[in-house]
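Numbering (the working numbering), first residue to last: 9 to 238.
We put the CB at the ideal spot given by N, CA and C, even for glycine.
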Ligand SMILES: C[S@@+](CC[C@H](N)C(=O)[O-])C[C@H]1O[C@@H](n2cnc3c(N)ncnc32)[C@H](O)[C@@H]1O
């Protein structure tokens, strides 16, 4: 992916150098991920959902599985375009997406990115990474199951990134729904890759009765971009 482009968009060498390090580390895990997904590919190609195993959480407990750089650029630009001050993220992992979002919030004049992560070791590292990027004051990472930690959130939300496990995506969105302002944006990763698993979720966003206009972008094989219109 084009690092030069990232640099020009984010205009912050410190942020960029942390992102470069994290993407380098994430990239080192790619073979483990390929071997993990290999047996699931026939099911995916045949339009079946992934049969997630019980060992899934264990396998992913030290995996970055971040958004890609072009998705990072998109969320940065979208957050700038709507002057997002409050952003909620389902699935922080080691903080790559958090760093893009927090850079946007900082550049918008300040605000808060509320991250969520269930793996304690990832939370420790994500906080270190965000701090190294100089963005700590713009980030709070809620520890534990997002279904619990987001329940009592009392903010008006400008933007949401859905990037946690697919089976929880709709529940998380529905917890946040009434807090998302008109004109707010929901960006959802992996909607194309795990199409069947995300079917009900995508249908919810694409059903205009639920208050969104939504399109699946051809980005990382399918990224859902949804705007709250009422
Ligand atoms: C795809 S990764 C997130 C990647 C991150 N957004 C990035 O771009 O670097 C998904 C993360 O969601 C976390 N997660 C899964 N279920 C969760 C839950 N119920 N509550 C909070 N975090 C959860 C996983 O531990 C994992 O780190």
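- By the neighbour-count criterion, in which a residue is buried when 16 or more other Cβ atoms sit within 10 angstroms of its Cβ, residue 131 is buried.
- A direct Cα-to-Cα measurement between residue 92 and residue 183 gives close to 19 Å.
- Scanning 18, 216, 218 and 225 for the CA closest to the CA of residue 115 turns up 18.
- By a beta-carbon distance limit of 8 Å, residue 96 does not contact residue 106. Their separation comes to about 11 Å.
- In this structure, residue 188 places its C-beta atom within 8 Å of the C-beta atom of residue 165.
- For residue 97, the shortest C-beta to heavy atom distance toward ligand 1 is below 7 Å.
- Here the alpha carbons of residue 103 and residue 81 stand approximately 15 Å from one another.
- If you look at residue 223, you'll find it in the beta strand (DSSP E) that goes 220-225.
- Under DSSP, residue 122 shares a beta bridge with 96 and 148.
- At a cut-off of 7 Å, the beta-carbon of residue 45 does not count as near ligand 1: no heavy atom of the ligand is closer than that.
- Where residue 73 is concerned, there is no enclosing alpha helix (DSSP H), because DSSP gives it neither an H nor an E.
- Beta-bridge partners assigned by DSSP to residue 170: 98 and 196.
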